[in-house]
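Visitor: If you scroll down you'll find the structure; I have some questions about it.
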Amino acid sequence: MPELPEVETVRAGLAEVVAGAKVTKIKVHDARSLKRHPASSGDFVDTLTGRTIQAAVRRGKFLWLPLNRKKNEPQLALIGHLGMSGQMLLRTPGFTEDALTRVTIYLKASDGSKYELRFVDQRIFGSLAIDLMEPTADGFPGGYSGEDHSGESWVNMIPNQVAHISRDPLDPVFSVDEVLRLFKKKQSGIKRVLLDQGVLSGIGNIYADESLWLAKIHYDQPAASISKPKAKELLEHVRVVLANACEAGGTSFDEQYKNINGESGYFSISLNAYGLTGLPCKRCGRAIKRENWMNRGSHFCPSCQRLRR
DNA sequence: ATGGACACCTGTGGGC
DNA sequence: TGCCCACAGGTGTCCA
């Protein structure tokens, strides 16, 4: 599943084409892919058809496309979450069908060219929805939208369904000190805290394991027990890992993650822990271990990443 | 607050 | 070949 770098790769790819594009038609092939939409799929289609998309914005793993605003109507956005296996493919009309396409949104770009935005999702944990936007609590932009959109009405707003998600480490408004304060209040294991999107967002299983390996911290180390300098170092590793993965176009090792053109990212070649069970740790040579944890897997070096008192 | 289990789903790969 | 199990980049909710 896509974590921040994969979602950012999708956002950046979409932004070039969808800004200023008009939705001409929608086909919902599987209504389960609209589970986040509070009303019927018919309502989804009716509300979205004929709208003009303003931009592509992301916070953590959530993506949204602000829509043009009609008179006497609140600001709306098409929001998307990729879940474990969601993809957004931007195809030209007539391009070979993509298996497991759940929703197709037909677009006419500002230059007149036509596209099909295909929401593909094997496991259907992802979803699209139309959501109301509200002003951000801190008055700053709701998320990252690439170029400078300051002055546009949707900039300092955030969709209702994303309002509980904290800022991610690549957000200019992200506060290291605030997150360190929250760490000090958490007795939970650090990995659980890193994955808590209400503390900081964008991190999933891959980048949590990678950041903890770089910082030489055991996944179950209580967050509050980590010294401030060490926690700060961890957050810096998180930032660098996420930034490098964005640079590489995300991590991909199977068919489940693709950019908008259906191509894979390259970050998997720089992984140090995730999915490397049994292989020698690149620092000490001891075999990387995988343990069952929270109904998933945790990968770490049992020698470099020890649980401390 | 916090940890755990589970629900939501489909598909693939390994072992027998 | 088929069958069964483990496993997969997430989120949300309910219960002790």
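First residue of the first sequence: 51, per the working numbering; consecutive thereafter. Beta carbons: idealized from backbone N, C-alpha and C, even for Gly.
1) How is the beta strand (DSSP E) around HIS131 delimited, first residue to last?
2) Quick check on THR186: does DSSP put it in helix, strand or coil?
3) Taking the beta carbon of ILE103 as the centre, do at least 16 other beta carbons fall within 10 Å, making it buried, or is it exposed?
4) Can you say whether THR154 is buried or exposed, counting buried as having 16 or more other CB atoms within 10 angstroms of its CB?
5) Please list, in chain order, all residues of the same chain as ALA65 whose beta carbon is under 6 Å from its beta carbon, the five residues on each side excluded.
6) Extract the residue ranges of the beta strand (DSSP E) inside the region 253–279, only unbroken runs of 3 or more that lie entirely within it.
7) Tell me TYR194's beta-bridge partners as DSSP assigns them.
8) Considering PHE350, what are the terminal residues of the alpha helix (DSSP H) in which it resides?
9) Note down the Cα distance separating GLU283 from VAL243, rounded to an integer number of angstroms.
10) Within a Cβ cutoff of 8 Å, which residues of the same chain sit near VAL95, ignoring the five residues on either side of it in sequence?
11) For the region 138–148 against the region 161–168, do three or more pairs of beta-carbon atoms, one drawn from each stretch, fall closer than 8 Å, so that the two count as touching?
12) Could you give the first and the last residue of the continuous beta strand (DSSP E) run that contains LEU157?
13) Where does ILE174 fall in DSSP's three states?
14) Beta-carbon within less than 7 Å of ALA258's beta-carbon, same chain only, minus the 5 sequence neighbours each way: which residues are those?
15) Evaluate the contact criterion for the region 310–323 versus the region 293–301: three or more CB pairs, one atom per stretch, below 8 Å.
16) I need the straight-line Cα distance from CYS354 to GLU53, nearest angstrom please.
17) Just verifying my parser: in three-state terms, what is the DSSP assignment at ARG289?
Guide: With the given structure in hand:
1) Unbroken beta strand (DSSP E) run through HIS131: 126–131.
2) Coil at THR186, not helix or strand.
3) Around the C-beta of ILE103, 16 or more other C-beta atoms lie within 10 Å, and the residue is accordingly described as buried.
4) By the neighbour-count rule (16 or more Cβ atoms within 10 Å), THR154 is buried.
5) Residues of the same chain with a CB within less than 6 Å of the CB of ALA65, apart from the 5 flanking positions on each side, are ALA106, GLY196 in chain order.
6) Complete beta strand (DSSP E) runs here, min 3: none at all.
7) Answer is ARG108, bridged to TYR194.
8) Boundaries for PHE350: no alpha helix (DSSP H) harbours it, while the beta strand (DSSP E) harbouring it runs 346–350, taken from the DSSP string.
9) Approximately 16 Å, taken between the alpha carbons.
10) If the five residues before and after VAL95 are omitted, its C-beta is found closer than 8 Å to the C-beta atoms of ILE76, VAL78, all from its own chain and listed in chain order.
11) Taking a cut-off of 8 Å for Cβ pairs, the region 138–148 and the region 161–168 touch, as three or more such pairs fall below it.
12) Counting along the chain, the beta strand (DSSP E) containing LEU157 begins and ends at 151–158.
13) In the three-state reduction of the DSSP assignment, ILE174 falls in the coil class, being assigned neither a helical nor a strand state.
14) Excluding its 5 nearest sequence neighbours in each direction, ALA258 has C-beta neighbours in its own chain below 7 Å: LYS241, LEU244, LEU245, listed in chain order.
15) At 8 Å Cβ cutoff, the stretches touch.
16) Going by the C-alpha atoms only, they are around 25 Å apart.
17) Note: ARG289 maps to helix in three-state DSSP.
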